[in-house]
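Chains B and X are the protein sequences, given in the same order. Residue 75 is where the first sequence starts when you use this note's numbering, and the numbers rise one by one after that. Residue 415 is where the second sequence starts when you use this note's numbering, and the numbers rise one by one after that.
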Amino acid sequence: MRHPAQRRSQLPSFAHPALGATLALSLSLGAQAQKVETISIGVAVAQTSNTALLGQEQVIGAKFAEKFLNGRGGINGTPFKLVFQDTGGDEAGAINAFQNLITKDRVLGIVGPTLSQQAFASDPIAERAKVPVLGPSNTAKGIPQIGNFIARVSAPVAVVAPNAVRQALKLDPKIKEVAVLYAQNDAFSTSETGTFQQTAKDQGLTVATVQKFQTTDTDFTTQVTAVLNAKVDLVIISGLAADGGNLVKQLRQLGYKGLIIGGNGLNTSNMFPVCQKLCDGVIIAQAYSPAQPSAANQVFVKEYTAQYKKAPPQFAAQAYAGVQVMVEALKVIDRKKKLNTWDLDDLRAELNKQILLGKYSTPLGPIAFDKEGEVIQKEFYVAQIRMKDAKTGSFVYLK
Amino acid sequence: MTDFLSTYGFLIVTMLQAGLLGLSLYFPLQAGQLSLASPGFYSLGGYVAAILLTNPAFAGLRDTLGNAMFPLTWLVAAVLAGLLGLLVGVPALRLRGIYLALATIAFVEILRVISLNLSVTGGAIGLFGIPQPFGIVDRWQYVFIFGPLLILTLLFARQMERSRVGRALRAIREDELAADAMGVPPTRYKVLAFVTGAVLAGIVGSMSAPLLSSWNARQGTFDASIAILAFVLIGGSRNIWGPVVGGALLTAVPEVLRFLADWRLVINGLVLVVASLYLPQGIVGALEKLGRPRPPQRPTPVKPAEVTP
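Have a look at this one:
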């Protein structure tokens with residue numbers, strides 16, 4: 075099968091000749107050069123649907139980046155603008171959001187979408203239009219490989235998750251038997267649980283039971299009973315905030331006393347209202363920590379805490395990093411040739427090249443990209459949840 | 415023009431696609447069967463196309479067939495959906511009304527859980543990197559694929575309605591027992607209507623997999639069943655244009671109202687509530703009523719004269 079791009083000029087074989095003429099005409103019109111009018115970066119994340127629990131943290135992170143970076147001079151003195159389009163939680167929403175950003179808002183690059191599954195549908199749109207994309211939270215395998223214009227700032231799950239198991243063994247070296255639970259209908263959780271199970275085996279632990287659930291479940295009696303019967307010393311959960319929180323709550327209510335590790339889906343304070351006091355003690359591996367000592371992060375944490383009265387969560391930090399990378403790459407290009415003198419298509423291609431070349435000092439620590447667009451990140455963290463009362467709690471970082 | 419097409423082209427295609435899915439539910443409804451199984455067959459069709467187009471096992475076949483591979487996926491999806499429809503339809507159509515609806519929802523759920531557990535369907539991540547048919551570059555060009563299918567389906571539905579089969583289906587819808595007594599075999603016609611809907615949903619699925627570039631278990635869910643049912647109810651369930659209008663409208667509203675940000679879903683909900691309250695026959699049903707002359711009113715009954723003893 076030939077690649078679609080090689081057949082670009084060919085029409086659908088059954089198209090009417092008149093329609094074909096219109097198509098050829100419109101294609102030639104589209105090829106006309108367009109100048110860069112405003113320096114705008116698109117943000118396509120989930121502002122509605124049940125994915126919005128994560129997406130809204132990303133909106134805050136991106137908006138914060140716009141205000142903060144513009145306050146420090148924007149792109150060599152010119153402020154940039156963020157354009158938000160809601161992707162909802164499904165593929166069609168992500169495609170529509172990308173289309174709007176590319177053709178209507180004429181953005182230079184896009185930070186988004188929220189879910190890996192959405193990325194598989196919408197990233198090819200950007201790839202065909204040759205618009206650079208930075209995934210802020212797409213952790214599934216195969217995302218940067220979608221195309222030359224696709225990269226991500228979110229480290230794949232395989233490098234983040236094992237840290238939590240090692241930390242749990244440090245806290246309690248007597249751990250032998252492990253129960254693994256995961257949300258079967260969530261792409262992220264299913265790939266994360268594979269990593270967790272492998273790590274457990276590598277550390278010499280026995281996986282006593284593997285239990286599946288759905289992200290829409292609210293009752294986990296079956297899974298909890300199986301875990302209690304297996305008499306395990308450690309429970310590892312890969313799920314999302316609402317289901318994961320309920321699972322933790324029911325495990326504790328029915329009498330499980332041992333350690334609990336949560337995956338990245340539980341890595342949000344949105345879980346606290348669900349399991350309340352019972353969240354206490356859950357161990358979570360993270361790609362971001364407010365405790366990361368770099369100057370870039372400490373300024374970010376200070377300003378963010380002052381504005382939102384809480385420490386920045388991982389999804390906000392990653393969205394911030396996505397915007398920051400785009401802005402820094404644009405700064406470099408602007409120094410060579412003023413941005414408003416560029417042709418839009420050329421600038422998008424140049425931006426993509428520059429993103430992959432640069433090294434960035436972000437709140438995630440120092441990051442860079444490999445040739446395919448995969449993030450190269452060095453520092454990862456493990457935190458434990460400490461609840462103050464039923465509503466407020468915090469992630470305490472373990473060393 | 416180009417900008418309009420590339421911005422809204424995908425929306426126009428999804429409107430056609432929603433209309434087709436609405437029609438797939440309309441066929442069993444013609445026989446009075448409230449089946450919510452469409453997303454199951456849609457999902458099956460999508461998986462058939464996705465597997466045939468990406469699985470390395472079919473690489474040789476793809477090289478030999480070239481673009482003819484795409485019509486082949488439609489055909490395979492149609493046949494498989496038809497067979498599965500027959501398999502499910504024969505036992506399930508013994509159930510009536512709400513019980514049939516529940517059984518078909520269970521069917522959709524079973525298919526979803528199966529696809530989550532198989533490795534050939536890619537588990538929860540699904541299949542991605544699906545190639546584009548006939549050198550399609552922009553999403554709007556899918557109009558050339560979904561458009562003809564919609565026209566063909568509408569023609570087919572119209573012919574079916576006017577035929578003997580259509581009359582039999584209507585008879586079963588209005589009164590199954592009476593139809594049976596008149597010599598119309600209800601089970602056979604009900605299964606026929608159900609399988610027709612299944613085949614259509616399967617073909618739409620196989621065309622949608624390249625449209626979305628990726629396919630996963632979230633394409634065939636309970637939510638999708640409800641969405642498609644809403645297309646038919648809002649549009650009108652007694653006219654072939656009902657599902658098409660309903661599907662197009664409900665798909666377009668949230669997208670056209672994009673500028674309202676968070677409020678757009680509120681408007682979408684309002685449309686649903688208002689339409690179901692004030693247009694019980696759906697939008698097309700209401701329009702039809704307007705066009706038709708008012709039925710003659712029954713004369714007010716004359717009070718019988720009081721009889722004095």
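All C-beta atoms, glycine included, are put in the ideal place defined by N, C-alpha and C.
By the three-class DSSP mapping on this structure, what secondary structure does residue i have?
i, result
"Asp160 of chain B", "strand"
"Ile528 of chain X", "helix"
"Thr292 of chain B", "coil"
"Leu472 of chain B", "strand"
"Trp629 of chain X", "strand"
"Ile512 of chain X", "helix"
"Gly480 of chain X", "helix"
"Gly147 of chain B", "coil"
"Ser87 of chain B", "Note on Ser87 of chain B: pLDDT 42, under 50, position unreliable in the model; the coordinate value appears next. DSSP places Ser87 of chain B in coil when its eight states are reduced to three."
"Asp724 of chain X", "The structure shown does not extend to residue 724 of chain X, since chain X is modelled only from 415 to 723, so the question has no answer here."
"Thr415 of chain B", "helix"
"Leu541 of chain X", "strand"
"Ile184 of chain B", "strand"
"Thr152 of chain B", "strand"
"Gly634 of chain X", "coil"
"Gly467 of chain B", "strand"
"Lys405 of chain B", "helix"
"Lys204 of chain B", "coil"
"Lys427 of chain B", "helix"
"Lys244 of chain B", "helix"
"Lys215 of chain B", "coil"
"Thr96 of chain B", "Because the pLDDT of Thr96 of chain B is 46, which lies under 50, any placement of that residue in the model is unreliable, and the number read from its coordinates should be weighed accordingly. Three-state DSSP puts Thr96 of chain B in a helix."
"Ala105 of chain B", "The predicted position of Ala105 of chain B is uncertain, since its pLDDT is 45 and thus under 50; no value can be drawn from it."
"Asp197 of chain B", "helix"
"Ile654 of chain X", "coil"
"Lys141 of chain B", "helix"
"Ala451 of chain X", "coil"
"Gly536 of chain X", "coil"
Suppose the cutoff is 6 Å on Cβ atoms and the five residues either side in sequence are ignored; what does the same chain contact list for residue i look like?
i, result
"Ala92 of chain B", "Bear in mind that the predicted position of Ala92 of chain B carries a pLDDT of just 46, short of 50, making it too unreliable to give a figure here."
"Ser196 of chain B", "Ala168, Ile169, Phe172 and Pro187"
"Lys462 of chain B", "none"
"Val234 of chain B", "Ala359, Ala361 and Phe454"
"Glu266 of chain B", "Val231, Ala235, Ser312 and Gly337"
Can you name, in chain order, every residue of its own chain whose Cβ lies under 8 Å from the Cβ of residue i, other than the five neighbours on each side?
i, result
"Glu377 of chain B", "Phe138 and Phe142"
"Ile617 of chain X", "Gly459, Trp488, Ala491, Ala492, Ala495 and Leu563"
"Asp354 of chain B", "Ile459, Arg460, Met461 and Gly467"
"Trp677 of chain X", "Leu671"
"Ser102 of chain B", "Caution is warranted here: a pLDDT of 42 is assigned to Ser102 of chain B, below 50, making its placement in the model unreliable, and no coordinate value can be reported."
"Ile654 of chain X", "Leu437, Tyr440, Leu568, Ala571, Arg572 and Glu575"
Between which two residues does the beta strand (DSSP E) containing residue i stretch?
i, result
"Gln458 of chain B", "Tyr455 to Met461"
"Pro440 of chain B", "Gly439 to Phe443"
"Thr436 of chain B", "Lys433 to Thr436"
"Phe287 of chain B", "Thr280 to Phe287"
"Ser114 of chain B", "Ser114 to Val119"
"Arg226 of chain B", "Ile224 to Arg226"
"Ser312 of chain B", "Leu308 to Ser312"
"Leu208 of chain B", "Val207 to Gly209"
"Gln451 of chain B", "Val449 to Gln451"
Here's a check: name, in chain order, each residue in its chain whose Cβ is nearer than 7 Å to the Cβ of residue i, leaving out the five neighbours to either side.
i, result
"Thr580 of chain X", "The question names Thr, but residue 580 of chain X is Gly in the sequence shown. These residues qualify, in order along the chain: Met574."
"Gln219 of chain B", "Glu446"
"Asn124 of chain B", "Gly163"
"Thr96 of chain B", "At Thr96 of chain B, the pLDDT of 46 sits below 50, so the modelled position is not reliable and the matter cannot be decided from this model."
"Ala403 of chain B", "Leu425, Gln428, Ile429 and Gly432"
Kindly indicate the opening and closing residues of the alpha helix (DSSP H) around residue i.
i, result
"Ala253 of chain B", "No alpha helix (DSSP H) contains Ala253 of chain B, which is instead part of the beta strand (DSSP E) from Glu251 to Ala257."
"Ile479 of chain B", "Since the first and last residues shown for chain B are 75 and 473, residue 479 of chain B lies out of range."
"Glu575 of chain X", "Val557 to Arg576"
"Met429 of chain X", "Thr416 to Gln444"
"Phe472 of chain X", "Per DSSP, Phe472 of chain X belongs to no alpha helix (DSSP H) and is neither H nor E."
"Lys703 of chain X", "Gly696 to Gly705"
"Val598 of chain X", "Here Val598 of chain X belongs to no alpha helix (DSSP H), and DSSP marks it neither H nor E."
"Thr125 of chain B", "Neither: Thr125 of chain B is in no alpha helix (DSSP H) and is coded neither H nor E."
"Asp276 of chain B", "Ala261 to Asp276"
"Ala232 of chain B", "Val231 to Val234"
Please find out if some non-hydrogen atom of the ligand NAP comes closer than 6 Å to the beta-carbon of residue i.
i, result
"Gly499 of chain X", "As presented, the structure is devoid of all ligands, the ligand NAP included, so that no description of it is given."
Return the Cβ separation of residue i and residue j in integer angstroms, given the expectation that the two are a contact with Cβ distance under 8 Å.
i, j, result
"Thr289 of chain B", "Leu314 of chain B", "5 Å"
"Ile117 of chain B", "Ala136 of chain B", "Position check: residue 117 of chain B holds Val in this sequence, whereas Ile was assumed. That belief holds up - the Cβ atoms of Val117 of chain B and Ala136 of chain B are roughly 5 Å apart, short of 8 Å."
Item checked: Ranges of the beta strand (DSSP E) found wholly within the stretch 305 to 393 of chain B, counting only runs of at least 3 -> 308 to 312, 333 to 336 and 357 to 360
Next item on the list: May I have a chain-ordered list of the alpha helix (DSSP H) segments no shorter than 4 residues that lie completely inside the stretch 664 to 689 of chain X?
Entry: none
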